[in-house]
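Worksheet for the structure shown next.
2 protein chains.
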Amino acid sequence: MRPIKVQGEEVLVLDQRLLPTREKWVRISSAEDAYTAIKTMIVRGAPLIGVVAAYGLALSAKKVSDIEEYRKMGEWLKTARPTAINLMWAVDRVLRATGSAPSFERSWEEANKIFSEELENARKIGENGEPLFEDGDVVLTHCNAGALATVDYGTALAPLRVAKEKGKNIKVFATETRPVLQGARLTAYELVKDGFDVTLIADTAVGLTMMKGYIKKVIVGADRVLRDGTTINKIGTFQVATFAKRFNIPFYVALPSSTLDLKSRVEEVVIEERSPEELFYIKGRRIAPRGVKAFNPAFDITPPELITAIITEKGVYYPPFNFGQGP
Amino acid sequence: MRPIKVQGEEVLVLDQRLLPTREKWVRISSAEDAYTAIKTMIVRGAPLIGVVAAYGLALSAKKVSDIEEYRKMGEWLKTARPTAINLMWAVDRVLRATGSAPSFERSWEEANKIFSEELENARKIGENGEPLFEDGDVVLTHCNAGALATVDYGTALAPLRVAKEKGKNIKVFATETRPVLQGARLTAYELVKDGFDVTLIADTAVGLTMMKGYIKKVIVGADRVLRDGTTINKIGTFQVATFAKRFNIPFYVALPSSTLDLKSRVEEVVIEERSPEELFYIKGRRIAPRGVKAFNPAFDITPPELITAIITEKGVYYPPFNFGQGP
């Protein structure tokens, strides 16, 4: 299941806002299209955001001749969502590749490279993580770090897919992941399609579900991981990690190393706040009264001491985490 | 704001499933009506459930002449929801009051007594809890333990209302409380009506909101509290309590002593599991794919070590909690 199709110079992405009830493809022809698709969450998930940004920016190289204008376009594109590090990184790679003048060919080639690398990364994350899961495991995941968040296979879901391919029976619990419901709408959708046994729970039910002993392992993706393993991921991850620790359940984070941020300190990471409307309406139906305010952060911060291991395409890492030399 | 009106022998309850968008009153004329209203969550909240059950059973005394039949009706009514202890207790009181034959007068009088007691309890809980809150406090609450869960005033919200009456400025954060959204639909609704400054957050945002230092205190209600303070309350309470402990935020539980269960051990408490449909649909719109399963417990269990104090109409209790002689 690939949420992005590249045919010739045409880039199509699956509109994830409409899943699971409707499958509609949207064309990306420019940096502006990529900006809108990323900001409005037509596409989401750190690796996919990076790929879509790269293709969008590359397609705009056809229309822009001034390198300063092209660079500014790239910087603007980075503001579509402030937290996913892949967005910044992918834009920078395309800008570096294009050289001293906007080149569609060089930009496009770099976007293709990023796409292939993410495909390869997802597969390797799957292979590296697979041995951590046993036949009969019941695994909880939060949000969607599956094929729909990447270009195929997923990050958190990749080891589960490889385990299944190897004949292991893996059952999955998916949190619904309010407010955008990526667990209910996307994770459940792609795993049911792949023949997994999937059980949905409300985000409020994580504690009781673990207390009852239903969960053997947890795996989630990440939007940004810092040098010491601090994990910025979908709002609610901190809760899942906290309860996993309390009930001695292994808690794994899976990501391509493109999601590592070796420079920032945790205080420097901008936690995106999204529109209150995400809490006031569900599928167009109002669920909250007029006159109420909302605080709607999209991500939270999981401290490294709650993480059992971090899985990347390069291997499996255990605490204390140290991913780089730093700034 | 009273969610129940008793005029002569007519009992009307506000249909809480339709709030905040519609205010519709439903008539309760029998134990069967009470059973349906409680089971389908037209009414909810432990104290209100008890009052509605008492009136419904009393009204059925008009139609039943055999005491055994009346008792069986009461036992059946208790099965409408298995966790709220007030339901069991209110039915038993009406059955005891009616004597050796079903008496409408005696049953009705007992129901009225329960109603008045709960009114009085809510006010006293408010007065007892009020000194725990300071001018300028920002208080998080989960689910709805307000006027709508009781007969007026509320349990968890009663101290906040009294504090406001005394001129203290109290801001409230309400979790939306999936799956039934009592926080978004009911708590926000009744507090905005009362002129509170209310901020809604997703259940997933509790951890980050507390990490950021936005919350000074937490107060919740309860569906059943055991002798040692173990609190059975709306699913997600355990999460709120766990994070409150982590971030050294006082965590209060408010309840009338009618919600105490001095007999049961925690293993004996039945945690109600509700229909998967609550996770598959919101306001009639499907949000999860076909083929997925769901685990939908309505309550969770908060261990006493996470609780700072328990507030009842009789006073404020601090750990170690010991509410009775036990079995």
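Respectively, the protein sequence lines represent chains P and Z. Reading the first sequence from the start, the letters are residues 0 to 326 in numbering that gives the first Met the number 0. Reading the second sequence from the start, the letters are residues 0 to 326 in numbering that gives the first Met the number 0. C-beta: ideal position from N, C-alpha, C; glycine also.
Check: What's the gap between the Cα of Z/Asp-65 and the Cα of Z/Gly-44?; Outcome: 31 angstroms
Check: In whole angstroms, what is the alpha-carbon distance linking Z/Tyr-251 and Z/Lys-163?; Outcome: 18 angstroms
Check: Reducing DSSP to helix, strand and coil, say where Z/Tyr-328 ends up.; Outcome: Past the boundaries of the shown model lies residue 328 of chain Z; chain Z is included only from 0 to 326, so the question cannot be answered.
Check: Does the beta carbon of Z/Gly-212 sit closer than 7 angstroms to a beta carbon anywhere in chain P?; Outcome: no
Check: Among the candidates Z/Ala-221, Z/Tyr-34, Z/Asn-143 and Z/Glu-126, whose CA atom is the shortest distance from the CA of Z/Ile-300?; Outcome: Z/Ala-221
Check: Where does the unbroken beta strand (DSSP E) through P/Leu-332 begin, and where does it stop?; Outcome: Because chain P in this structure spans residues 0 to 326, residue 332 of chain P falls outside the shown range and cannot be described.
Check: Could one say the Cβ of Z/Pro-303 lies closer than 7 angstroms to chain P's Cβ atoms, at least one of them?; Outcome: no
Check: Report yes or no: do the stretch 282-290 of chain Z and the stretch 194-207 of chain Z share at least 3 C-beta pairs separated by less than 8 angstroms?; Outcome: no
Check: Ignore the nearest five residues each way along the sequence and tell me which others in Z/Leu-259's own chain have a CB closer than 6 angstroms to its CB.; Outcome: Val-224 and Phe-322
Check: Please specify which runs of the alpha helix (DSSP H), each continuous and at least 4 residues long, are wholly inside the stretch 160-219 of chain Z, giving them in chain order.; Outcome: 187-192 and 205-210
Check: Measure from the C-beta of Z/Lys-165 to each C-beta in chain P and report whether the shortest distance is under 7 angstroms.; Outcome: no
Check: Provide the residue(s) that pair with Z/Thr-301 in DSSP beta bridges, ordered along the chain.; Outcome: Z/Thr-230
Check: Can you find a CB in chain P that lies within less than 7 angstroms of the CB of Z/Phe-237?; Outcome: yes
Check: Establish whether the CB of Z/Phe-246 and some CB of chain P are separated by less than 7 angstroms.; Outcome: no
Check: Closer than 9 angstroms by beta-carbon distance: list the chain P residues that pair up with Z/Ile-286, in chain order.; Outcome: Pro-19, Thr-20, Glu-175, Leu-180, Ala-183, Arg-184, Ile-281 and Lys-282
Check: Interface residues of chain Z around P/Asp-202 at Cβ under 7 angstroms?; Outcome: Arg-177, Asp-202 and Thr-203
Check: Ends of the beta strand (DSSP E) at Z/Arg-92?; Outcome: It is not in any beta strand (DSSP E) - Z/Arg-92 instead sits in the alpha helix (DSSP H) that spans 84-97.
Check: Is Z/Ile-306 close to chain P? Criterion is C-beta to C-beta, closer than 7 angstroms.; Outcome: no
Check: Roughly how many angstroms lie between the CA atoms of Z/Val-205 and P/Ala-53, to the nearest whole one?; Outcome: 34 angstroms
Check: Give me the DSSP bridge partner(s) of P/Asp-260.; Outcome: P/Leu-225
Check: What residues are listed by DSSP as bridge partners for P/Arg-21?; Outcome: None; P/Arg-21 has no bridge partner.
Check: Between which two residues does the alpha helix (DSSP H) containing P/Ala-100 stretch?; Outcome: Element bounds for P/Ala-100: n/a, residue is neither H nor E.
Check: Taking any Cβ of chain P, which residues in the stretch 211-235 of chain Z have a Cβ under 9 angstroms from it, in chain order?; Outcome: Lys-211, Tyr-213, Lys-233, Ile-234 and Gly-235
Check: Using DSSP's beta-bridge definition, name the partner residues of P/Arg-26.; Outcome: P/Leu-11
Check: Nearest-angstrom Cα distance between Z/Phe-242 and Z/Thr-236?; Outcome: 10 angstroms
Check: Thinking just about the alpha-carbon of each residue, which of P/Arg-80, P/Leu-185 and P/Leu-58 is nearest to the one in P/Glu-9?; Outcome: P/Leu-58
Check: Mind checking if P/Phe-250 is an interface residue toward chain Z, Cβ cutoff 7 angstroms exclusive?; Outcome: no
Check: Return the CA-CA distance between Z/Tyr-280 and P/Arg-95, expressed in angstroms with no decimal places.; Outcome: 47 angstroms
Check: Check Z/Phe-114 in the structure and name its three-state DSSP category.; Outcome: helix
Check: Is the beta carbon of P/Ala-183 less than 7 angstroms from the beta carbon of P/Leu-47?; Outcome: no
Check: Give me the Cβ distance between Z/Ala-175 and Z/Gly-145, rounded to the nearest whole Å; I'm assuming they're in contact under 8 angstroms.; Outcome: What sits at residue 175 of chain Z in the sequence shown is Glu, not Ala. Not quite, the Cβ-Cβ distance comes to about 15 angstroms (not below 8 angstroms), so this is no contact.
Check: Can you tell me whether DSSP reads P/Ile-309 as helix, strand or coil?; Outcome: strand
Check: Taking the alpha carbon of Z/Pro-178 as the reference point, which residue from Z/Met-40, Z/Glu-116, Z/Thr-20 and Z/Gly-7 has its own alpha carbon closest?; Outcome: Z/Met-40
Check: Between which two residues does the beta strand (DSSP E) harbouring Z/Val-252 extend?; Outcome: 250-253
Check: Could you confirm whether any beta carbon from chain P is found closer than 7 angstroms to the beta carbon of Z/Leu-261?; Outcome: no
Check: Looking at chain Z, is there any beta carbon in it that lies within less than 7 angstroms of the beta carbon of P/Thr-198?; Outcome: yes
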